[in-house]
Every structure is written in C-alpha cells, then in structure tokens.
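In terms of UniProt numbering, the sequence shown opens at residue 1 and continues consecutively. The beta-carbon is built from N, C-alpha and C at its ideal position, and this holds for glycine as well. Data first, discussion second: the structure below is written as structure tokens.
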Amino acid sequence: MLRTRFFVASAMMLAVGAALIVLQLKSDHSTAYSFMPKQAIPQGEVNWEIDNFPARALELNTFRISLHNMAGKPITDMSLQMQLNMIGMVCGDYSFVLTESSPGVYEGEGMPLMAGRWQASLTIAHPAFETIELNNVFHAVYD
Ligand SMILES: [Cu+2]
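Given below as structure tokens:
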C-alpha cells in the first residue's frame, strides 16, 4: 500500500517534471530567434552572410546570399529580393534587390530601421524554377 502510494507520487513528480521541461523547451523555442547561415532548398543550399554581423541599425549592411546545387556548383542567373521587417513591431519595412556579384553569389544593401530583432524574407526567382521564399532572423544594433 505504502509502496503503491510512493510509486504514484514518484510518477506524478516525473510527470510534472516532464511537463516543466516541455514548457521550458517551448518557451525557449518561441523566444530564441537564431540566425541560420545555411538553409536547404530543393535545388541545393543557400548560405546567408551579413557583413559586420550583427547588422547596424540605420546603416546600409551588405547581405550576401550564396546559392549552390547538390554538387556544390553555383546556381546562377537567379533574381533575388529581400525584405526586412522588425519582429513584433510595425516600424517600417526595407526592401532591396540583390545582384549577382560573382557566379552564384548575390549581394544587396539592407537597412534595419531600429536596433532589435529583424526578420529577413528572401525571394529567389527564376523563370524556369518555382519561386523560393526563405526567412531568417538577425539582430541589429546601434553603432
Ligand atoms: Cu521597431
């Protein structure tokens, strides 16, 4: 009898502990926005770079996107566009085009309008491919 009660009590404590861990993981997941430098696309992989990471607020920052296929060869002649939006705040978007500076490498200048967390939405288009949309998150700071 005592043993059963002990077992029930331990099982409940384990359940509560597990629930707390799950809650903690969930809240971590919703608050931890991390920059993902590599993202997969159906054709291969995308590499994100921001010069002087974290980005500078109210300054032009170079965003460099490298595209390569499964064989590691550059994916050329794509049309890239980026839009920056501040997360959880409507303080203005910033859109710009990225141009191909060397085969498979696309560069453009983006300006986050405030310090904080920003979402970068990238559109990769080509007449022969289905348009790809990717998102990333980065921090902007004041100089
Ligand atoms: Cu803002």
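*His-126 versus Ser-79: straight-line alpha-carbon distance, rounded*: 6 Å
*Identify the continuous beta strand (DSSP E) that holds Lys-38 and give its terminal residues.*
38-41
*Is it buried or exposed for Leu-58, if we count other Cβ within 10 angstroms and need 16 for buried?*
exposed
_Rounded to whole angstroms, what is the Cα-Cα separation between Asn-52 and Ile-132?_
26 Å
*Could you tell me how far apart the beta carbons of Phe-35 and Val-137 are, in whole angstroms, since I believe they sit closer than 8 Å?*
6 Å
*Mind checking whether Ile-65 and Tyr-106 have CB atoms under 8 Å apart?*
yes
*Nearest to Val-97 by CA position, among Cys-91, Met-86, Met-111 and Met-89, is which residue?*
Met-111
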